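**Q**
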Amino acid sequence: MLAKRGPAFDSPDHLCEIKWEGIRVLAHRERDGIRAYTRNRNSVVERYPELDALRAAAPGLVLDGEIVALRDDRPDFESVLRREQARDPARIRALVTEIPVTYVVFDLVYAGFDSLCDLRLDARRERLAELVESIGDPRIVLSEAIAEFGKAMFEGACDRGLEGVVAKRRDSTYTPGRRSDAWIKIKRSQHLHCAIVGMIPAEDGSRDFKSLVVASDAPDGELRVVGRVGSGIRSEDRARLNEELWKRLRAAPLVPSDLDAVWVEPGVYCEVSFLEWTQGGSLRAPVFERLHSGA
Numbered sequence: 001m002l003a004k005r006g007p008a009f010d011s012p013d014h015l016c017e018i019k020w021e022g023i024r025v026l027a028h029r030e031r032d033g034i035r036a037y038t039r040n041r042n043s044v045v046e047r048y049p050e051l052d053a054l055r056a057a058a059p060g061l062v063l064d065g066e067i068v069a070l071r072d073d074r075p076d077f078e079s080v081l082r083r084e085q086a087r088d089p090a091r092i093r094a095l096v097t098e099i100p101v102t103y104v105v106f107d108l109v110y111a112g113f114d115s116l117c118d119l120r121l122d123a124r125r126e127r128l129a130e131l132v133e134s135i136g137d138p139r140i141v142l143s144e145a146i147a148e149f150g151k152a153m154f155e156g157a158c159d160r161g162l163e164g165v166v167a168k169r170r171d172s173t174y175t176p177g178r179r180s181d182a183w184i185k186i187k188r189s190q191h192l193h194c195a196i197v198g199m200i201p202a203e204d205g206s207r208d209f210k211s212l213v214v215a216s217d218a219p220d221g222e223l224r225v226v227g228r229v230g231s232g233i234r235s236e237d238r239a240r241l242n243e244e245l246w247k248r249l250r251a252a253p254l255v256p257s258d259l260d261a262v263w264v265e266p267g268v269y270c271e272v273s274f275l276e277w278t279q280g281g282s283l284r285a286p287v288f289e290r291l292h293s294g295a
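Numbering (my numbering), first residue to last: 1 to 295.
(1) Ala-195 and Leu-223 - do their beta-carbons sit closer together than 9 Å?
(2) Going residue by residue through the segment 82 to 128, where are the continuous beta strand (DSSP E) segments of at least 3 residues, counting only ones entirely within it?
(3) If Thr-102 sits next to Val-141, beta carbons under 8 Å apart, how far is it from one beta carbon to the other, in whole angstroms?
(4) Whole angstroms are fine: how far does the CA of Gly-205 sit from the CA of Asp-76?
(5) Using alpha carbons as the reference points, say which of Glu-50, Leu-63, Asp-237, Pro-286 lies closest to Ile-92.
(6) Answer yes if the segment 176 to 190 comes into contact with the segment 232 to 247, meaning at least three C-beta pairs across the two stretches below 8 Å, and no otherwise.
(7) Beta carbon of Val-165, beta carbon of Val-197: below 9 Å?
(8) Is there contact here, the segment 50 to 66 with the segment 110 to 127, by at least three beta-carbon pairs under 8 Å?
(9) Using the DSSP secondary-structure output, state which residues sit across from Pro-201 in a beta bridge.
(10) Grab the span of the alpha helix (DSSP H) containing Lys-151 for me, first residue to last.
(11) Is Gln-85 near the ligand ATP, judged by its Cβ being under 8 Å from some heavy atom?
(12) Spell out the partners DSSP gives Arg-139 in its beta bridges.
(13) How do the segment 128 to 138 and the segment 72 to 87 stand: do at least 3 beta-carbon pairs fall below 8 Å, yes or no?
(14) Are there 16 or more other CB atoms within 10 angstroms of the CB of Glu-30, so buried, or fewer, so exposed?
(15) What are the boundary residues of the beta strand (DSSP E) that Ser-180 is part of?
(16) When the Cα of Asp-72 is compared with those of Leu-162, Leu-131, Asp-52, which residue comes out closest?
(17) Excluding the 5 residues flanking Leu-128 on each side, which residues of the same chain have their C-beta closer than 6 Å to its C-beta?
(18) If Arg-24 sits next to Arg-39, beta carbons under 8 Å apart, how far is it from one beta carbon to the other, in whole angstroms?
(19) Just the C-alpha distance for Ser-282 and Val-213, rounded to the nearest angstrom, thanks.
(20) Look up Asp-13 in the DSSP assignment and say whether it is helix, strand or coil.
(21) Between Cys-117, Glu-265, Glu-21, Glu-130, which lies nearest to Val-255 when the distance is taken from Cα to Cα?
(22) Here's the rule: buried if 16 or more other CB atoms are within 10 angstroms of the residue's CB, otherwise exposed. What is His-14?
(23) With DSSP as the reference, label Leu-223 as helix, strand or coil.
Right under this line is the structure:
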């Protein structure tokens, strides 16, 4: 079940939870052990030995939750991504010690081999809370929720540097694989004024681009590439960008970059929203917002 995006709001009919920055995983406790799958149905149980803690529960379970790596009491997405990308068994064993993860569960889809999808959310959560308590392992944690005060919870999440919150209707059923307005994700974002310094060309060879290479001023005052942005570009903006950028081609990048891009002279600017800065100084989850007329 997937959430739609919306603004923060207060409602006694909704439960609000932290939006955890991690790897979304459906975990199955079956008679012969544990299985775990991402949204794309990739099996990941070998990457997360911590999920063996679910063996303490009776078979016939399917849980929905997020694998997170905590640093200073907040999720560290770059760290959990290292766990997700590990394939070598010896490397995985080393990372269990270096980057321990927690499975934060927020829904119970099956119990005792029976589907709970048609139950109300608050009924499913009540059974989930009992299950987590019975497992009694710090590697399996219940995502806490509060009712009504969504705006205050979102502000608190932003103050802590978290991604945001998810508001869920208390009477909502569970609809596997579908995006529903019964769940609303409310995400924090920052905004940055950027110069467009290049394009990643379209794969079909047309005079179009797949994404824009954007640059901004670094703390030392130097212009540097901060990432690529491809989502959020409206058709009218794409047409204007194609008309302007292909007239501004240059042979080499204005600023140092290893990207395989078509480079352009600066002079076209845009506003980009993003979640946070990565440790390497790039934008995480950038989204194109609008064109700007100048620097």
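Beta carbons: idealized from backbone N, C-alpha and C, even for Gly. For clarity, every value in this text was computed on a predicted model and none was experimentally measured.
**A** According to the structure shown:
(1) Here residue 223 corresponds to residue number 223 of the sequence shown, with the count starting at 1. Here residue 195 corresponds to residue number 195 of the sequence shown, with the count starting at 1. Yes, the pair counts as a contact, with Cβ atoms nearer than the cut-off.
(2) 102 to 111
(3) Within the sequence shown, residue 102 is the residue found at index 102, counting from 1. Within the sequence shown, residue 141 is the residue found at index 141, counting from 1. That belief holds up - the Cβ atoms of Thr-102 and Val-141 are roughly 5 Å apart, short of 8 Å.
(4) Along the sequence shown, one-based indexing puts residue 76 at 76. Along the sequence shown, one-based indexing puts residue 205 at 205. Cα to Cα, Asp-76 sits roughly 38 Å from Gly-205.
(5) Along the sequence shown, read from residue 1 onward, the residue named residue 92 stands at position 92. Checking every option, the nearest Cα to that of Ile-92 belongs to Glu-50.
(6) no
(7) Taking the first residue of the sequence shown as 1, we reach residue 165 at position 165. Taking the first residue of the sequence shown as 1, we reach residue 197 at position 197. Cβ distance not < 9 Å, so Val-165 and Val-197 don't count as in contact.
(8) yes
(9) The residue given as residue 201 occupies position 201 in the sequence shown. Paired residue(s): Phe-209.
(10) Your numbering for residue 151 matches position 151 in the sequence shown. From DSSP, the alpha helix (DSSP H) with Lys-151 extends over 150 to 159.
(11) Absence of the ligand ATP is noted for the structure shown, with no ligands found whatsoever.
(12) Taking the first residue of the sequence shown as 1, we reach residue 139 at position 139. None; Arg-139 has no bridge partner.
(13) no
(14) Residue 30 sits at position 30 when you count from the first residue of the sequence shown. Glu-30 comes out exposed.
(15) Your numbering for residue 180 matches position 180 in the sequence shown. Ser-180 -> beta strand (DSSP E) spans 179 to 187.
(16) Residue numbering aside, residue 72 sits at position 72 when the sequence shown is read from its first letter. Ranking Leu-162, Leu-131, Asp-52 by Cα distance to Asp-72 puts Leu-162 first.
(17) Residue numbering aside, residue 128 sits at position 128 when the sequence shown is read from its first letter. These residues qualify, in order along the chain: Leu-108.
(18) Working through the sequence shown from its first residue, we reach residue 24 at position 24. Working through the sequence shown from its first residue, we reach residue 39 at position 39. About 5 Å separates the two Cβ atoms, so the contact holds.
(19) The residue given as residue 282 occupies position 282 in the sequence shown. The residue given as residue 213 occupies position 213 in the sequence shown. Looking at the two C-alpha atoms, the distance is approximately 11 Å.
(20) Locating residue 13 in the sequence shown gives position 13, counting from the first residue. Strand.
(21) To locate residue 255, count along the sequence shown from 1; it is residue 255. Residue Glu-265 is the option with its Cα nearest to Val-255.
(22) Sequence index remark: in the sequence shown, residue 14 carries index 14 (1-based). His-14 should be labelled buried.
(23) Taking the sequence shown and counting its residues from 1, one reaches residue 223 at position 223. Leu-223 falls in the strand class under three-state DSSP.
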